[in-house]
Amino acid sequence: MERRVAIGCDRKPGESTALALPSIAPGTYCSATRDGRSTVSGTVTSRTRREWLRMMAAMGAGALVDGFVPRELARAATSRQDPVAAFRARLGAIPIQIRSLGENLALLAGPGGNVVVLHGSDGLVVVDTFVAPAWPKFQESLKGFGAPVKFVIDTHWHFDHTDNNAPLRADGATLVAHENTKLRMSQPHHLAVLELDFPPSPAAALPQRVFKDGYTLEANGERLAVTHVPPAHTDTDVVVRFEKANVLHAGDVFFNGRYPFIDGSTGGRIDGMIAAADRLLGLADSETRIVPGHGPLATKADLAKYRDMLSKAAERVRSLKASGKSLEESIAAKPFADLDADWGKGTFNGDSFVKVVYLTL
Numbered sequence: 001m002e003r004r005v006a007i008g009c010d011r012k013p014g015e016s017t018a019l020a021l022p023s024i025a026p027g028t029y030c031s032a033t034r035d036g037r038s039t040v041s042g043t044v045t046s047r048t049r050r051e052w053l054r055m056m057a058a059m060g061a062g063a064l065v066d067g068f069v070p071r072e073l074a075r076a077a078t079s080r081q082d083p084v085a086a087f088r089a090r091l092g093a094i095p096i097q098i099r100s101l102g103e104n105l106a107l108l109a110g111p112g113g114n115v116v117v118l119h120g121s122d123g124l125v126v127v128d129t130f131v132a133p134a135w136p137k138f139q140e141s142l143k144g145f146g147a148p149v150k151f152v153i154d155t156h157w158h159f160d161h162t163d164n165n166a167p168l169r170a171d172g173a174t175l176v177a178h179e180n181t182k183l184r185m186s187q188p189h190h191l192a193v194l195e196l197d198f199p200p201s202p203a204a205a206l207p208q209r210v211f212k213d214g215y216t217l218e219a220n221g222e223r224l225a226v227t228h229v230p231p232a233h234t235d236t237d238v239v240v241r242f243e244k245a246n247v248l249h250a251g252d253v254f255f256n257g258r259y260p261f262i263d264g265s266t267g268g269r270i271d272g273m274i275a276a277a278d279r280l281l282g283l284a285d286s287e288t289r290i291v292p293g294h295g296p297l298a299t300k301a302d303l304a305k306y307r308d309m310l311s312k313a314a315e316r317v318r319s320l321k322a323s324g325k326s327l328e329e330s331i332a333a334k335p336f337a338d339l340d341a342d343w344g345k346g347t348f349n350g351d352s353f354v355k356v357v358y359l360t361l
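Heads up, the sequence shown is in the working numbering, so the first residue is 1 and it goes up one at a time.
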């Protein structure tokens, strides 16, 4: 099922409308730029909840914390009484860097990953929303585009991608996401090993328009195709294709240049990550710019290398697991020793990523 809507038209939930908009003159995405940059300072798995809590306990605190933030931030965060608040505060302190992706498209990178903004006289369409402490500077960055935010698209449920849903909705934006994103945001999530509790998101932060398979938006002379991928990073993932600009926002199914976090507690699977990478590769060509959930702007060649790494990782750990090796024995085997130099510099080292793969096969 695919729904289409054009900004500027009245549309009731459940209606399918495809209104083509006239070509809009491009706007200015920010002032005083240099080299294109500016700095501003539901599908539920068959495993039970208890099984996933045991899985999380097996992973160890280091890997779990690293799944959300880089190690240096994680070490500081775990010394605080409220680690989740510390994650947010430290991510929120990262400056926002703005880079043009075309006439009316911009990449905002910084506090919690990568946000893409489509701008023009029809208003703004924003993909992902950073962490809550970044709101003042995020709001200031958005004001620089000279138009109100009309739509927000969440690539998945995690807080570093949905934290600022509520203030954007309060300012008049419509929140769009996969139906599982609304489900997951409506639930409490407990990571037993860290004694971390994520309460349900407030009602004002929940997506207003949800879909099962696909959703289309047309605005500012651009067409956005939003597509759900089967469980990969989570069971809530979508990718967003800006067809005219030839830009893909991959969300967290793609961590460029680093081992990814896979959230098995909400349906994530290593094989799903590989399938999602294949799906993205099929949507891209040699000129496509790919925005990962985390990491620098990428090309199809970068994505292909990432996909190959995932495939090697899955097959090596699958072989160890099939031979009867325990998690600890699989880690000790160092199956990613030749991959760590290229992929172990981010949020996970080789040992912790072995755990992620082993437990999400």
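We put the beta carbon where it would ideally sit given N, CA and C, even for glycine.
In the DSSP assignment, Ile274 is bridged to no other residue. Under the 10 Å beta carbon count, Pro83 is surrounded by 16 or more other beta carbons and is classified as buried. C-alpha of Leu101 to C-alpha of Leu107: approximately 7 Å in a straight line. Here Asp163 is buried: its Cβ has 16 or more other Cβ atoms, across all protein chains shown, within 10 Å. In terms of CA proximity to Ala109, Lys137 leads the group Lys137, Leu359, Gly350 and Ile262. Lys355 and Asp197 have their C-alpha atoms roughly 22 Å apart. Under the three-state reduction of DSSP, Asn180 is assigned to helix. With contacts defined as CB atoms closer than 8 Å, Gln187 and Pro202 fail to qualify as a contacting pair. For the pair Ala232 and Met273, the CB atoms are nearer than the 8 Å cut-off.
Cβ atoms of Val253 and Val239 come within 8 Å of each other, at about 7 Å. Under the DSSP assignment, Gly113 falls in the beta strand (DSSP E) whose first and last residues are Gly113 to Leu118. Nearest C-alpha to Val357 among Ala341, Lys345, Gly346 and Phe336: Phe336. Secondary structure note for Ala106: its beta strand (DSSP E) is the uninterrupted segment Leu105 to Gly110.
Look at Leu206 here: in three-state DSSP terms it is coil, with no helix or strand label.
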